[in-house]
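First comes the structure, then the notes that go with it.
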Amino acid sequence: MNRTTVDLSGYPDLVVIYLGMRARSLQGLRTMRRVGGEIRRSVQAGPDGLLRHENLTYSLFPLHIGMRQYWRDLDAMERWTRAGQHREWWSQYLRDTEGTGFWHETHIRGGGMEAIYVDMPPLGIAAFAPNRPARGAMFSARQRIAGPGTPPPAVVPEEELV
0 MNRTTVDLSG YPDLVVIYLG MRARSLQGLR TMRRVGGEIR RSVQAGPDGL
50 LRHENLTYSL FPLHIGMRQY WRDLDAMERW TRAGQHREWW SQYLRDTEGT
100 GFWHETHIRG GGMEAIYVDM PPLGIAAFAP NRPARGAMFS ARQRIAGPGT
150 PPPAVVPEEE LV
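The opening residue of the sequence shown carries number 0 in numbering that gives the first Met the number 0; numbering runs sequentially from there.
Below you can see the structure in the form of structure tokens.
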């Protein structure tokens with residue numbers, strides 16, 4: 000047996016994010032392919048703060064794929080989400096999920112968790128914690144993590160999706 004562990008002392012602000020996308024129709028398969036290509040190009044560009052990216056398959060029927068990413072800190076992850084290409088394709092996706100469901104769950108080593116689910120059945124944290132509309136104070140990932148205060152603006156403003 001080769002039992003090991005990790006020393007995370009060099010990563011005090013580590014962020015782990017799990018994401019998933021589930022096809023709900025044939026159009027959803029095309030959407031998954033398009034978004035998957037955007038994510039692949041983003042990862043290949045080596046965004047500052049991305050420590051590791053791993054692809055995951057949750058189920059084959061219905062097709063439900065995703066990824067796990069490790070980020071140096073929340074600020075680095077947020078800078079990337081607000082940058083050019085990611086912001087563009089994410090904004091487009093949120094306006095029309097095109098036959099898919101999407102979710103992510105963010106875990107922060109220093110404390111805090113948050114999650115969002117778009118057109119998904121209960122899974123992960125949503126399967127046991129009370130569900131709330133992602134509106135107002137619950138709209139922004141940063142505010143879901145930190146609670147009351149003034150978070151940076153959301154990648155896509157709430158007003159644009161209502």
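C-beta: ideal position from N, C-alpha, C; glycine also.
Element boundaries [alpha helix (DSSP H), containing residue i]
| i | result |
| --- | --- |
| THR80 | 73-80 |
Own chain residues within Cβ distance below 6 Å of residue i, not counting five before or after
| i | result |
| --- | --- |
| VAL14 | TRP70, LEU73, MET76, ILE107 |
| ARG18 | Strictly speaking, residue 18 in this sequence is Leu, with Arg absent from that position. If we look at LEU18 and ignore the five residues flanking it on each side, its Cβ neighbours are GLY65, MET66, HIS103. |
| GLU37 | TRP88 |
| MET119 | GLY100, TRP102 |
| TYR10 | none |
| GLN26 | GLU97, GLY98 |
| LEU122 | none |
CB-CB length for residue i against residue j, believed under 8 Å
| i | j | result |
| --- | --- | --- |
| ARG23 | GLY135 | ARG23 to GLY135, Cβ: 27 Å. No contact. |
| GLY109 | ASP6 | The pair is not a contact, with the Cβ atoms about 16 Å apart (cut-off 8 Å). |
| GLU97 | THR4 | With 8 Å as the limit, GLU97 and THR4 do not qualify as a contact, their Cβ atoms being about 42 Å apart. |
Neighbourhood of residue i by C-beta distance below 8 Å, restricted to the same chain and skipping five residues each side
| i | result |
| --- | --- |
| GLU53 | MET66, ARG67, GLN68 |
| TRP89 | THR80, VAL154, VAL155 |
| ILE124 | GLU104, MET112, ALA114 |
Three-state class that DSSP yields for residue i in the structure shown
| i | result |
| --- | --- |
| ARG21 | strand |
| ARG67 | strand |
| ALA114 | strand |
| THR4 | coil |
| LEU93 | helix |
| LEU59 | strand |
| LEU13 | coil |
| LEU28 | helix |
Proximal residues to residue i (C-beta, below 7 Å), its chain only, five neighbours per side dropped
| i | result |
| --- | --- |
| LEU28 | ALA22, LEU62 |
| HIS85 | SER41, TRP79 |
| ARG143 | GLU113, MET137 |
| ARG131 | MET137 |
Enclosing beta strand (DSSP E) for residue i [first to last residue]
| i | result |
| --- | --- |
| ALA145 | Taken as a continuous stretch (DSSP letters only), ALA145 belongs to no beta strand (DSSP E), being part of the alpha helix (DSSP H) at 140-145. |
| ARG134 | First-last for ARG134: undefined, no H or E at that position. |
| VAL154 | Counting along the chain, VAL154 falls outside any beta strand (DSSP E), and DSSP gives it neither H nor E. |
| ILE107 | 99-107 |
Segment contact flag, the segment 32-51 with the segment 106-123, C-beta cutoff 8 Å, min 3 pairs | no
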